[in-house]
Structures are given as C-alpha cells and as structure tokens.
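Asker: Here my numbering is used: position 166 in the sequence shown is 175, and no number is missing along the way. Here's a structure for you.
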Amino acid sequence: PSQIKGSGYERTIAMIETGPTGYYVFDVFRVQGGKEHAKHTHTTFAEPTVFGVRLAPSPPLYDPGTLMRAFQTGRAAGPAWGVDWKIEDKYGYVQPPRDLHLRYTDLTRDAEAYTAESWTVASATSTTEYWIPTAIVRRRSDSGDLASTFVGLLDPYQGQPQLKRIARLDQDDAAVRVEVELSGGIRDRLLSNA
Numbered sequence: 010p011s012q013i014k015g016s017g018y019e020r021t022i023a024m025i026e027t028g029p030t031g032y033y034v035f036d037v038f039r040v041q042g043g044k045e046h047a048k049h050t051h052t053t054f055a056e057p058t059v060f061g062v063r064l065a066p067s068p069p070l071y072d073p074g075t076l077m078r079a080f081q082t083g084r085a086a087g088p089a090w091g092v093d094w095k096i097e098d099k100y101g102y103v104q105p106p107r108d109l110h111l112r113y114t115d116l117t118r119d120a121e122a123y124t125a126e127s128w129t130v131a132s133a134t135s136t137t138e139y140w141i142p143t144a145i146v147r148r149r150s151d152s153g154d155l156a157s158t159f160v161g162l163l164d165p166y167q168g169q170p171q172l173k174r175i176a177r178l179d180q181d182d183a184a185v186r187v188e189v190e191l192s193g194g195i196r197d198r199l200l201s202n203a
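See the structure below:
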C-alpha cells in the first residue's frame, strides 16, 4: 500500500479441484487508495492468444526501467476478456511433449485491458534474456482514493479448457459472486466478501 499511498490491500486466492489432478484458481485482489492500480499476470515462455478484447499498439505504461515493451491496449468487448498462453517447454522438461496451456480470464469492472512483454533471464547465472507475454488490468481515477477489485480465473489445462462458461453474478464489488460451468457440465458458484 505504501507504493500507492493506499489504505487497503487484500487478496484471496482459492484453488478449486475439478478432479483427481485438475484444478482452477479464483483470484480476488482488492486495493484501496491512490489514483492508479494495475495488476500484472504472466507465465513462463508461452505463445499468447487474446480473447474478448480488440487490441491496438499503445505507448508504454511505465518508464523504460520497468523492462517491459510491446504494449497493446483495448477496452474489453464484453464482460470478460483474457489470454490463453500455450506453454513453450524450451528446456524439454515435459516428456513426452504435451499441449499445455494456462488460460487467464479477467472479470474486473471498469478496467482497461493491456498486454505487453516482460523481460526475464533464463537463470540467475545466465546472460540469455527473454521477453515473456504479460496481461495487465489497469484502473484509474482522478479522485486519489481509487478502490479496485480485480477478479480473475486461472485455468491450467491440457488440450481443451476446463472452464466452459464464466459469469460474474454480482452487481458491485462488495461481495464478488462468480459462476463457473466446467466442460463436464458441473457448475461452481464462488463468493468472496470484502
């Protein structure tokens, strides 16, 4: 909170099992104070596919010292937008190779959608640098006492996504309610109170 001169910072992350080895993650991140809030989500090496928003090139959000580049932005076309990252197993850790993905769906209200590339290195002793895809959800206000509730779902999957339908059911951010329909027809209702 000191970074934004804020008065609140609260995060709830829940892992919901979908079977013996499957799960997804429900992420609710509340921030109070300041004029701007941005939540970054990224994976490892991956090929991103953006859905639910039409992106266009954007000036950088931050100064060059943040080591980010290739910013794009857009307003979400519907109630949800996100990124499906097809994981690139650069080092051949997974044998035999598999079609692994991490799908991030954002349900934050009144937010701007961005993508970018974030700088990283292969290891602490390596000089090889890489740029990995990043999703950014950004909210701004002129008032100086911005309250943001970032709501997202992370769906790690192989082959086909586990989450067939996602709907936000609440009317405000006090009690976040989300309904998730799994590919097998099961429905989960998720609730996170402030």
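Note that CB positions come from ideal geometry on N, CA and C, so glycine has one too.
Cα-Cα, which of Glu45, Thr75, Gly42 and Trp90 is closest to Arg174?
Answerer: Per the Cα distances, Trp90.
Asker: Quick one: what's Thr143 bridged to in DSSP?
Answerer: Per DSSP, His51 and Ala125.
Asker: Bridge partners for Leu191 per DSSP, in chain order?
Answerer: Leu191 pairs with Leu172.
Asker: Does DSSP put Tyr33 in a helix, in a strand, or in coil?
Answerer: Three-state result, Tyr33: strand.
Asker: Pick helix, strand or coil for Thr134, following the three-state DSSP scheme.
Answerer: Coil.
Asker: Figure out for me which residue from Ala47, Thr27, Ser127 and Leu199 has the closest Cα to the Cα of Phe159.
Answerer: That would be Ala47, whose Cα lies nearest to the Cα of Phe159.
Asker: Can you pull the DSSP bridge partners for Pro165?
Answerer: Pro165 is bridged to Leu111.
Asker: Only counting the same chain, and skipping five residues up and downstream in sequence, which positions put a Cβ closer than 6 Å to that of Thr58?
Answerer: Counting only Cβ-Cβ distances below 6 Å, and skipping sequence neighbours, we find Asp93.
Asker: According to DSSP, is Thr75 helix, strand or coil?
Answerer: In this structure, Thr75 counts as helix in the three-state DSSP scheme.
Asker: On the CB-based measure, 16 or more other CB atoms within 10 Å of its CB, does Val40 come out buried or exposed?
Answerer: Per the 10 Å Cβ criterion, buried.
Asker: When you compare the segment 19-36 with the segment 142-154, are there three or more beta-carbon pairs, one atom per stretch, that lie closer than 8 Å?
Answerer: No: the two stretches stay apart, fewer than three of their Cβ pairs being nearer than 8 Å.
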